[in-house]
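When the letters of the sequence shown are read in order and numbered with the working numbering, they come out as residues 2 to 417.
A virtual CB, placed ideally from N, CA and C, is assigned to each residue, including glycine.
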Amino acid sequence: MKKLLAKVFGGEARPQPTRPTSGFRPSMEVLEGRALMSVVGPELHVNTITSLYQDQVAVSSSPASNGGSVVAWRHQYNTTGTDTDIHIQRYDQFGNRLGGEITVAAGIYRESQPSVAMDGAGNFVVVWVDDVNNSGNTNILAQRFFANGNRNGGVITVANDARAEYDPDVAMDWAGNFAVSYTLQYSANDRDVYVRRFAANGTAIGSNVVAGSGLNEYSASIARTADGRFAVAYQIDRPSGNSIDSDILLNRYTAAGALLTSQAVANTGRNEYSPDIAMDAFGNTTLVYEEAYANLDHDIRARRISNTGALSSTMYVDGSTDYEFAPAVAVNPSTGKFVVAYQRLRSNGSQLSGPNQQIVREMTADGLILNTVNLGDRFTASIGMNGSGTYFIGDVGYNVPGDQGLGIFARRGVLV
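This is the structure:
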């Protein structure tokens, strides 16, 4: 879910591939198709509090046919960055603002990395990372809300091990039962992926060790069907000579948390990063991810995993010679068509250059490109889609008039 701005404003460098392999790369003419404007309506300025930075956006839409959306983000409260909070804003299916900006978490330390999920009635849950005393001992917390924006009960502790937990993602079924994936920092060189499951009333009902080897497993994305089945995709880093080979794996579960399948879904000789998944009403999973085709040439790929675990062939969302990264996906629950948002920087093979572009690409369930829209200089998108195919894209804008630095923006689209 990958909501951070590290790639643009600095962060940990990722290992580059050392074992390139040959492969088919479609031409830009094949990839682009017809650029039709399926994104509708004006851009929405989500945050009303415009002081300092707003970033780490997350979006969810109710699976109902008339479902609205919730946008969550991190708000910088003080100039030193030692106090950040979690805010949300609700919207109806037409993109109209519902009520005002809501503060979810406003402790005196750092709250960050929000994720949000909605049920069929519009109720929702927000999860986030709480940095205890700004010590680095981060925990995962959650807060449920009614559809009208009122809090439903108190704050729920999802994970509070003595080790650091972070990078949460949350998914909810039609009835409001929810599951939270997160990364546990088991040791300096060993990260694991866990899931904690909750009933709609907030009671913890079980947990799953999704990935707990001695390797680095992290960057998890979780999705759920209306009947409660869920899937978790994550990245695993394996030593490969003097480098690292990064792959994407996916686990599928019953509503009760029983493992159905565990399989590699992106494990070529190149490095694969940053998985994001969505599920349709039938339990089919759509995965998007970033593939390092070459040093300064990253592409966006997709695969479909059926409700029996069968893998589709790899789909080429964007295979240009530029640098595409940070994909997010939402799927039409009835048709399986999906929409992907991702960033693009220009590459001449030796260096990257702007302008940054956020691309929105609509695809058939089989991976044919339907429409492409360029939203310009926006970052780190998150997407939700309701039951009728209306999707809601939240993203981050930099140095836009009206904001002091980073702000939260949104657009609607229709994929039927």
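Residue ranges of uninterrupted beta strand (DSSP E) with 3 or more members, entirely inside the stretch 145-181 and ordered along the chain, are 157-160 and 166-173.
A distance below 6 Å between beta-carbons, with the five flanking residues on each side excluded, links residue 329 to the following residues of its chain, in chain order: 277, 342, 382, 383 and 384. Sorting 365, 150, 124 and 137 by C-alpha distance to the C-alpha of residue 99 places 150 at the top.
In this structure, residue 89 keeps its C-beta atom at 8 Å or more from the C-beta atom of residue 172.
8 Å or more divides the Cβ of residue 130 from the Cβ of residue 182.
Counted as a single uninterrupted DSSP element, the beta strand (DSSP E) harbouring residue 195 occupies residues 191-199. Only residues of its own chain outside the window of five on either side were considered, and among them 164, 165, 166, 167 and 192 have a CB closer than 8 Å to the CB of residue 186, listed in chain order.
Just measuring C-alpha positions, the residue of 217, 189 and 202 sitting nearest residue 195 is 217. Per DSSP, reduced to three states, the secondary structure at residue 217 is strand. Leaving aside the five residues that flank residue 417 on each side, the residues in its chain whose CB is nearer than 6 Å to its CB run, in chain order, 390. Per DSSP, reduced to three states, the secondary structure at residue 134 is helical. Between the C-alpha atoms of residue 352 and residue 297 there is a straight-line separation of about 7 Å.
Nearest to residue 334 by alpha-carbon distance, out of 287, 356, 301 and 369, is 287. Between the C-alpha atoms of residue 338 and residue 161 there is a straight-line separation of about 38 Å. The stretch 220-260 contains, as complete beta strand (DSSP E) runs of 3+ residues, the segments 231-241 and 244-254 (chain order). By the neighbour-count definition (other C-beta atoms within 10 Å, threshold 16), residue 326 is a buried residue.
Annotated three-state conformation of residue 70 is strand, per DSSP. Residue environment: residue 225 is assigned as buried (16 or more neighbouring CB atoms within 10 Å of its CB, all protein chains considered). Burial state of residue 189 is exposed, judged by a 10 Å Cβ sphere holding fewer than 16 other Cβ atoms. For residue 387 against residue 42, the beta-carbon gap comes to about 15 Å, at or over 8 Å, which does not count as contact. Just so you know, the alpha carbons of residue 301 and residue 317 end up roughly 7 Å apart. By the CB criterion at 8 Å, residue 235 and residue 257 fall outside the cutoff.
For residue 109, there is no enclosing beta strand (DSSP E), as DSSP gives it neither H nor E. Excluding residues up to 5 positions away in sequence, 46 and 51 lie with their Cβ nearer than 7 Å to the Cβ of residue 403 in the same chain. Of the residues assessed, residue 95 falls on the exposed side of the cut-off, its CB having fewer than 16 other CB atoms within 10 angstroms.
Judged by their CB atoms, residue 154 and residue 145 are nearer to each other than the 8 Å cut-off.
Residue 214 counts as exposed, since fewer than 16 other beta carbons sit within 10 angstroms of its beta carbon. Within the same chain, and ignoring the five residues on either side of residue 200 in sequence, the residues whose Cβ sits closer than 6 Å to its Cβ are 178 and 206.
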